[in-house]
Structures are given as C-alpha cells and as structure tokens.
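Undergrad:
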Amino acid sequence: MRIAALKERAAGETRVSVTPETVKKFIALGANVAVEKGAGLTASISDQDYANAGAEIVAATAAAKGADIILAVQAPDPKKLASANTGAMVAAIFDPFGEKPRVEAYAKAGLEALAMEFMPRITRAQSMDVLSSQSNLSGYKSVLAAAQEYGRAFPMMMTAAGTVQAARVFVMGVGVAGLQAIATAKRLGAQVSATDVRSATKEQIQSLGAKPVFVETVEGIEGEGSGGYATEMSEEYQKAQAELVSSHIAKQDIVITTALIPGRAAPRLISDAQIASMKPGSVIFDLAVAQGGNVEGSVPDQVTERHGVKIMGYSNTPAHLAADASALYARNLFNFLSAFWDNETGKPVLDEEIGNAVRLTQGGKVVSERLSQAG
Numbered sequence: 171m172r173i174a175a176l177k178e179r180a181a182g183e184t185r186v187s188v189t190p191e192t193v194k195k196f197i198a199l200g201a202n203v204a205v206e207k208g209a210g211l212t213a214s215i216s217d218q219d220y221a222n223a224g225a226e227i228v229a230a231t232a233a234a235k236g237a238d239i240i241l242a243v244q245a246p247d248p249k250k251l252a253s254a255n256t257g258a259m260v261a262a263i264f265d266p267f268g269e270k271p272r273v274e275a276y277a278k279a280g281l282e283a284l285a286m287e288f289m290p291r292i293t294r295a296q297s298m299d300v301l302s303s304q305s306n307l308s309g310y311k312s313v314l315a316a317a318q319e320y321g322r323a324f325p326m327m328m329t330a331a332g333t334v335q336a337a338r339v340f341v342m343g344v345g346v347a348g349l350q351a352i353a354t355a356k357r358l359g360a361q362v363s364a365t366d367v368r369s370a371t372k373e374q375i376q377s378l379g380a381k382p383v384f385v386e387t388v389e390g391i392e393g394e395g396s397g398g399y400a401t402e403m404s405e406e407y408q409k410a411q412a413e414l415v416s417s418h419i420a421k422q423d424i425v426i427t428t429a430l431i432p433g434r435a436a437p438r439l440i441s442d443a444q445i446a447s448m449k450p451g452s453v454i455f456d457l458a459v460a461q462g463g464n465v466e467g468s469v470p471d472q473v474t475e476r477h478g479v480k481i482m483g484y485s486n487t488p489a490h491l492a493a494d495a496s497a498l499y500a501r502n503l504f505n506f507l508s509a510f511w512d513n514e515t516g517k518p519v520l521d522e523e524i525g526n527a528v529r530l531t532q533g534g535k536v537v538s539e540r541l542s543q544a545g
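The opening residue of the sequence shown carries number 171 in this note's numbering; numbering runs sequentially from there.
1. Given a cut-off of 8 Å, decide if G379 and A347 are closer than it, judged by their beta-carbon atoms.
2. Between Y276, I197, K250 and W511, which has its C-alpha nearest G533's C-alpha?
3. Is it right to say V186 is buried, meaning 16 or more other beta carbons lie within 10 angstroms of its own, or is it exposed?
4. Can you tell me the Cα-Cα spacing of D238 and M171, whole angstroms?
5. Just to confirm my understanding: we take V536, look at its own chain, exclude 5 residues before and 5 after, and list those with CB closer than 8 Å. What are they?
6. Measure the alpha-carbon distance for G359 versus M326 and round it to whole angstroms.
7. Hey, V469 and M448 are a contact pair by Cβ (cut 8 Å); roughly how many whole angstroms apart?
8. Taking the C-alpha atoms as reference points, what is the distance between Y484 and S312?
9. CA-CA distance, V266 and G332?
10. Is M286 helix, strand or coil by DSSP?
11. Is it true that the CB of D442 sits closer than 8 Å to the CB of G467?
12. Just verifying my parser: in three-state terms, what is the DSSP assignment at D456?
13. Buried or exposed: where does T371 fall if 16 or more other Cβ atoms within 10 Å of its Cβ makes it buried?
14. In the DSSP assignment, the beta strand (DSSP E) including N202 goes from what residue to what residue?
15. Just list the beta strand (DSSP E) runs in the region 476-525, keeping only unbroken ones of 3 residues or longer that don't cross its boundaries, in chain order.
16. Tell me the rounded alpha-carbon separation between L176 and A317.
17. For Q304 versus P488, is the C-beta spacing smaller than 8 Å?
18. Judging by CA-CA distance, which residue of T189, A201, T474 and R179 is the nearest neighbour of T515?
19. Report the rounded CA-to-CA distance for K517 versus E373, giving the unit in angstroms.
20. Ignoring anything shorter than 4 residues or poking outside the region 194-266, list the alpha helix (DSSP H) runs there in chain order.
21. Please work out which residues of its chain come closer than 6 Å, Cβ to Cβ, to I173, disregarding the five sequence neighbours upstream and downstream, and give them in chain order.
22. Do you know offhand how far A429's Cα is from T293's?
23. So what does DSSP say about G268, is it helix, strand or coil?
24. So S363 is in the beta strand (DSSP E); what residue range does that whole segment cover?
25. Rounded C-beta distance between V339 and D456? I'm assuming under 8 Å.
26. Below 7 Å CB to CB, which residues in the same chain sit around W511 once its five sequence neighbours on both sides are set aside?
27. Quick one: residues in its chain with C-beta nearer than 8 Å to the C-beta of A229, no 5 flanking neighbours on either side, listed in chain order?
28. For V453 and L503, I'd like the C-alpha separation in whole angstroms.
29. Below 8 Å on the Cβ atoms is my guess for V260 versus A283; work out the distance and round it to an integer in Å.
Encoded structure:
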C-alpha cells in the first residue's frame, strides 16, 4: 500500500495533508508513504522532518506514481494523477457543489474521490471531521484579524487617565467557528453577544459567557437541518431577524459573520444600510466571503471600507494558521483511513454509512447521492 502526499498548488494554500506524526502512524499500519518534495515548507515542516519520520521524499513528477491512496488538502487536478494506480483513492477537500466538472473528471480518470467535507456529522466521525477542525481555527483567527484592524483595545482598562471601555463584539452564526470566535473574544476581554437561527444554540452562547440575541416573536422555527447544519429560514423569520440585528448591530464595534449553508451561496446577513448604521472605525470580518459573503461589499483577501466601517475576510482562513491547521487536518485524514484499515488486505475498506457519504466517484462514475440530489 503506497500513500502519496502532494504539495499544494492552489493560490494561498499553505497547509499540507500529512505531518511527521501521521507519517509514522501510516507506516505503523504497514503502508509506504511518499511525500512530494517541499510539500510541508509553508507549514513549517521540512523534507528532513518527513524523512526522519520514515517517508520517501519524491519529485513532483513522481509524487503520484504507483500510489494507492493520494492525500491532499485541496483536490489536485486529476490529470496530474495519471501515474497513480487504477482506482486509487484521493482524500481531499473537493468543493463538490462548486467544482462539478472536476468531480466528473475524477470519474473519467477512474479515481475514487473522497470528499472530506462530506463527512457525516455523527459521533464516531467527529475525529474525522475536517470542517470542524478547520472552522475552529477560522473562528479564532477571525477575531485576531478583526482586533488587528480595529485599532483599539478589547478589554476594559482602568487607568489614572480614565477608563477604556471594552469592545463590543457580535458573532452571527454559532457553529464551530462562531463558538470559537465567542470564546476568543471573551478571552481578549470583549463584551460579546451572538445570534443564530437555531434556537438550540442559545444555551451554548450563554455557557461561554456571551449574551444571546434571538428573535422571540416568531415561534416554531428551529433552524436545524440535517447533520446539525443551519437551514434557510422563512421570510417571516428573516424579516424579524433583520429588524433585531439592525438595532443591535448599530451598537457594535466588531461583527463576525460565519453563516454557511452547504451547497448554496452564503446567506446575506448584513446589508449596506446596516453597515451605515455602525460607528466609524468598526470592523466586520466575513468568514463566508469565499462562498459569496454574508456581508454586502465584502471582497476576499481585501479590507474594504464602507461608511467608515472596515469589511474584511480571507478566502482561506485556516491557511493563515498553517502549522496548526495542517496538524489537525492530517489527523483527520489518518483517523478516517485508519478507522477502516483492514489488516488482512493492508488497505482501508470503507463502510456504507461513512464511505457512501464521502465517496464522490467510483468505477468511472459519479456515485454521490448528495450531488445527484442537488442537481
């Protein structure tokens, strides 16, 4: 069994799919591991580190040669994998809804594409969930980046010259990223509030010491979809939420938006009119900017200004914490493959529940039900 880890080539991608830690673990399972030369440099991992762990360092032209399993952060061009074994597994982040032609190309190439972002949110798959591990870091980084742009202190400070008031931070969307954003802002000393369409998150917000901001006038709307993801809300709820947010957002110094709906453009949470109501010098960090943005006027990897308010967001937030993001992502991949490792055959044999959920292509066909249902 040969496992190949490729160097990332997407613009701005600094992560890597294996670390020396996971190289050792794969070798302990009986696999041979090949790592493309220079694959870990942007994540502070040298080729020598990989070699010391037992990996073979190979040139780009030979990286996928004879591979049975190919690991990557962002799914590589299938044309670059022609030297891999027939039916080789490719475990990576595929963006299946946004990159359907690439998925079809994987099917045509006879590769078994495994989309890590399709990992089901069930208890036994928690350690394999790349969205959770990467979102956790994204929530943390969003607060630090916003604090850098804000230009004022976060905590209340009592000085002989007077009192500095604590910054007011409002988090919109309380998933993994939102919860970490709340926790980070609280640790920095901010006065934190948060909202979500899922009523079940109210207790989570309170447990972190933040103030929940929820629509109370519209009943019977939970906002909970399958797998713990948020769903789109009714027009009635959206109207009530917009009114509540408009009155609250005008008082905030920093707003972090995190709302995403799998397979769809990010929902619009903040309009130009709401931005105009905020105080000059306020900052909005849009974590969904790469999927269309929660905020009107947000541009990936740029700080724009509207009505004196700075709006920002990264197209790849975890890549700004490359070493930690790589360590967590690499463990997700190992936990996934090792959970199904068959010692007799010396390879992973996926089950139906998880295997069918993440598998996009197999046997020359696109086999993902989730993709076919999305049209």
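For every residue, glycine included, the Cβ atom is placed at its ideal position computed from N, Cα and C. Predicted model only: the values in this text are computed from it and were never measured.
TA: Result, derived from the coordinates:
1. Here the question's residue 347 lines up with position 177 in the sequence shown. Here the question's residue 379 lines up with position 209 in the sequence shown. Going by beta carbons, A347 and G379 fall outside the 8 Å limit.
2. Within the sequence shown, residue 533 is the residue found at index 363, counting from 1. Measuring from the Cα of G533, the nearest candidate turns out to be Y276.
3. The residue given as residue 186 occupies position 16 in the sequence shown. Result: buried.
4. The residue labelled residue 238 in the question sits at position 68 within the sequence shown. The residue labelled residue 171 in the question sits at position 1 within the sequence shown. In a straight line, the C-alpha of D238 is about 6 Å away from that of M171.
5. In the sequence shown, counting from the first residue as 1, residue 536 sits at position 366. Answer for V536: V273, E274, A277, L530 and S542, listed in chain order.
6. Counting from 1 along the sequence shown, the entry for residue 359 is found at position 189. Counting from 1 along the sequence shown, the entry for residue 326 is found at position 156. Rounded to whole angstroms, the gap between the alpha carbons of G359 and M326 is 7 Å.
7. As a working note, residue 469 is residue 299 in the sequence shown. As a working note, residue 448 is residue 278 in the sequence shown. Rounded, the Cβ-Cβ distance is 18 Å, inconsistent with contact.
8. Position 314 of the sequence shown, counted from the first residue, corresponds to residue 484. Position 142 of the sequence shown, counted from the first residue, corresponds to residue 312. Distance between the alpha carbons of Y484 and S312: 9 Å.
9. Counted from its first residue, the sequence shown places residue 266 at position 96. Counted from its first residue, the sequence shown places residue 332 at position 162. Before going further, note that residue 266 is Pro rather than Val in the sequence given. So the alpha carbons of these two residues sit roughly 54 Å apart.
10. Stepping through the sequence shown from its first residue, residue 286 is reached at position 116. In the structure shown, M286 sits in a helix (DSSP, three-state: H, G or I).
11. The sequence position of residue 467 within the sequence shown is 297, counting from 1. The sequence position of residue 442 within the sequence shown is 272, counting from 1. The answer is yes: Cβ separation under 8 Å.
12. Numbered from its first residue, the sequence shown carries residue 456 at position 286. Under the three-state reduction of DSSP output, D456 falls in the strand class.
13. Counted from its first residue, the sequence shown places residue 371 at position 201. By the Cβ-count criterion, T371 is buried, with 16 or more other Cβ atoms from all chains shown falling within 10 Å of its own Cβ.
14. As a first step, residue 202 is located in the sequence shown; it is residue number 32 there, counting from the start. Start and end: N202 to E206.
15. Fully enclosed beta strand (DSSP E) runs of 3 or longer: 479-482.
16. Taking the first residue of the sequence shown as position 1, residue 176 is located at position 6. Taking the first residue of the sequence shown as position 1, residue 317 is located at position 147. Cα to Cα, L176 sits roughly 35 Å from A317.
17. As a first step, residue 304 is located in the sequence shown; it is residue number 134 there, counting from the start. As a first step, residue 488 is located in the sequence shown; it is residue number 318 there, counting from the start. In contact: Q304 and P488 (Cβ atoms closer than 8 Å).
18. If you number the sequence shown from 1, residue 515 lands on position 345. Cα-wise, what sits closest to T515 is A201.
19. As a first step, residue 517 must be located in the sequence shown, where it is residue number 347. As a first step, residue 373 must be located in the sequence shown, where it is residue number 203. When rounded, the distance between both Cα atoms is 43 Å.
20. DSSP runs (the alpha helix (DSSP H)) wholly in the region 194-266: 217-223.
21. The residue labelled residue 173 in the question sits at position 3 within the sequence shown. Answer for I173: F196, A201, V203 and I239, listed in chain order.
22. For the purposes of this step, residue 429 is identified with residue 259 of the sequence shown, where counting begins at 1. For the purposes of this step, residue 293 is identified with residue 123 of the sequence shown, where counting begins at 1. So the alpha carbons of these two residues sit roughly 23 Å apart.
23. In the sequence shown, the residue the question calls residue 268 occupies position 98. Secondary structure of G268 (DSSP, three-state): coil.
24. In the sequence shown, the residue the question calls residue 363 occupies position 193. Residues Q361 to T365.
25. To locate residue 339, count along the sequence shown from 1; it is residue 169. To locate residue 456, count along the sequence shown from 1; it is residue 286. In fact, because the Cβ distance is near 14 Å, the residues do not count as touching under 8 Å.
26. For this step, residue 511 is matched to residue 341 along the sequence shown. Answer for W511: L199 and P518, listed in chain order.
27. Counting from one through the sequence shown, the residue named residue 229 turns up at place 59. If we look at A229 and ignore the five residues flanking it on each side, its Cβ neighbours are E206 and K207.
28. In the sequence shown, residue 453 corresponds to position 283, counting from 1. In the sequence shown, residue 503 corresponds to position 333, counting from 1. The C-alpha of L503 is placed about 35 Å away from the C-alpha of V453.
29. Along the sequence shown, one-based indexing puts residue 260 at 90. Along the sequence shown, one-based indexing puts residue 283 at 113. Under the criterion of beta carbons closer than 8 Å, V260 and A283 qualify as touching, at roughly 5 Å.
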